[in-house]
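Engineer: Here the sequence shown is numbered in my numbering, starting from 166 and rising by one per residue.
Yeah, the Cβ is synthetic: ideal placement off N, Cα and C, and Gly gets one too.
These figures come from a predicted structure and were not determined experimentally.
I am attaching a structure below and will ask some questions about it afterwards.
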Amino acid sequence: FVLINGYNERISAPFVSPDDNAAVRMALGHLADLGHRRIGLAIGPQRYVPSRRKRDGFVEAAVSVLGMDRSEAELLVCSTLFSVEGGQVAAGALLDAGCTGIVCGSDLMALGVVR
Numbered sequence: 166f167v168l169i170n171g172y173n174e175r176i177s178a179p180f181v182s183p184d185d186n187a188a189v190r191m192a193l194g195h196l197a198d199l200g201h202r203r204i205g206l207a208i209g210p211q212r213y214v215p216s217r218r219k220r221d222g223f224v225e226a227a228v229s230v231l232g233m234d235r236s237e238a239e240l241l242v243c244s245t246l247f248s249v250e251g252g253q254v255a256a257g258a259l260l261d262a263g264c265t266g267i268v269c270g271s272d273l274m275a276l277g278v279v280r
């Protein structure tokens, strides 16, 4: 029994997960290198460990790379559903907040953002 892409402290089992924190930091850094200064994050519900890791990495990167304060960076995180429709909802909210670049938490969300 191995947990994949998640960790639960109540379950004593090995687990494997991507480094969501590093992935989001790299994506934000790339958008910043392209000249974006107001970057948002579209992720799934906060009850999922990968969403929380992505949020934490995004906030850390927004503070260190873009010079935002933590509270400003947290306002640019839009938690919705891991779906095309969720990506569309997040894109609308983040564009309304003045974002010129959006990091997405899943491929389906990215499709929704592009729509």
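1. Using the Cβ count rule (16 or more neighbours within 10 Å means buried), how would you classify P183?
2. So, with DSSP's three-state summary, where would you put G232?
3. Tell me which residues share the same chain as G194 and place their Cβ nearer than 8 Å to its Cβ, disregarding the 5 neighbours each side in the sequence.
4. Under 8 Å by Cβ, that's how I've got A262 and A207 pegged, so tell me the actual separation to the nearest angstrom.
5. Does the segment 242-254 come close enough to the segment 168-176 that 3 or more CB-CB pairs lie under 8 Å?
Structural biologist: According to the structure data:
1. Start at 1 with the first residue of the sequence shown, and residue 183 comes out as number 18. When all chains shown are included, P183 counts as exposed.
2. Looking up residue 232 in the sequence shown gives position 67. The answer is coil: DSSP assigns G232 none of H, G, I, E or B.
3. Mapped onto the sequence shown, residue 194 falls at position 29. Result list for G194: A226 and V230, in chain order.
4. The residue you call residue 262 lines up with position 97 of the sequence shown. The residue you call residue 207 lines up with position 42 of the sequence shown. Not really, about 12 Å apart at Cβ, beyond 8 Å.
5. no
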